[in-house]
Amino acid sequence: MLAVACGRVWAQPAPPAKPGPEEAAKPQPQEQLLTVTIKEVTGTAQRLVPGEKPSWVPLKAGDKLGEQTVIRTGLRSRVVLAFADSSELTIARATKMGIAEFRKEGPVTKTRLGLKYGSLRASVEKARGPNDFTVSTPVATLAVTGSGGQIGHCGDIGSNVQCSFGGFSFASGSRSLNLTGGQSTNSRLLMPILLTQLQSVPQLGDVFNGLTPSETTSLLNFGGGLGGVGFLPGAPVAIRPPLLPIGGLICPNGKDGQYDGLPLPPPE
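When we follow this note's numbering, the leftmost residue of the sequence shown carries the number 7, and every step to the right adds one.
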């Protein structure tokens, strides 16, 4: 008689493979912190010095900046930043922005900028090597690679971006839109042709992004009336700072006669 025992055989998970000597010896990409140089300063511009009592100090040409630097510019002001990878950034008037990261990760130059309000114009040199360059606003993120253009943000009308050359990838929430030279869009990711048509006619503007698609179409077809904030007839795509009310200014952290702590220029 031949007895055969039957039963279940449970497969045990194989232990994780240990890295071979070649993989263990492979060098990991090293991070190298990079610096940004102030190339040009026009008007009033300051950077925030952190500490127990943070303070603002004036910027001047030749200053070296690192990560976690916050910059603000006054009216009639401009700052040009020169990055170590030959990229260049122009900070327009009445702008607050920050350098979150600027470092080398292996062959890739990683740049992370934040724009609280105002306008930036970037030019990224693709020929200098691979780069990962993004600008984030409170509502959208712009990825720049071997291209140039302008991005702006204002609390009442959102973000707006214009690609001058190369290509941009503009993301807002879960949606994204790719732009090429000469195209533009906003934080609602309107198609470039629609945005161009909307800006070609006088209109009151949808400052709170509350128009339905049918209302937007009606505004495009029958738009008219007075120009609204940021939507003046024939205005360029780039966002500008809010208009200044007579007798003072209402803005983040601002006081009468100041723009976010910076004195207003005398009236012309």
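Where is the CB? At the ideal position from N, CA and C, for every residue including glycine.
Predicted model only: the values in this text are computed from it and were never measured.
Query: From Lys70, Gly172, Ser190 and Cys160, residue whose alpha carbon lies closest to that of Thr143; Result: Cys160
Query: Simplified DSSP assignment, three categories, for Val114; Result: strand
Query: For Gln74 and Val63, believed in contact at Cβ under 8 Å, the rounded distance; Result: The pair is not a contact, with the Cβ atoms about 15 Å apart (cut-off 8 Å).
Query: Between the CA atoms of Met103 and Leu81 - distance to the nearest angstrom; Result: 15 Å
Query: 8 Å contact criterion, which Ala90 and Leu40 should meet: CB distance rounded; Result: 4 Å
Query: Beta-bridge pairing of Gly154 - partner residues as DSSP gives them; Result: Ser129 and Phe171
Query: Exposure label - Asn137; buried when at least 16 CB within 10 Å; Result: buried
Query: Beta-bridge partners of Gln38, as assigned by DSSP; Result: Lys110
Query: Local Cβ density within 10 Å of Ala67, reported as buried at 16 or more and exposed below that; Result: exposed
Query: Beta-carbon spacing of Ala128, Val145 below 7 Å; Result: no
Query: Contact check, Ala88 vs Lys59, beta carbons under 7 Å; Result: no
Query: Top-ranked residue by Cα proximity to Leu121, from Lys110, Ser182, Val130 and Arg99; Result: Arg99
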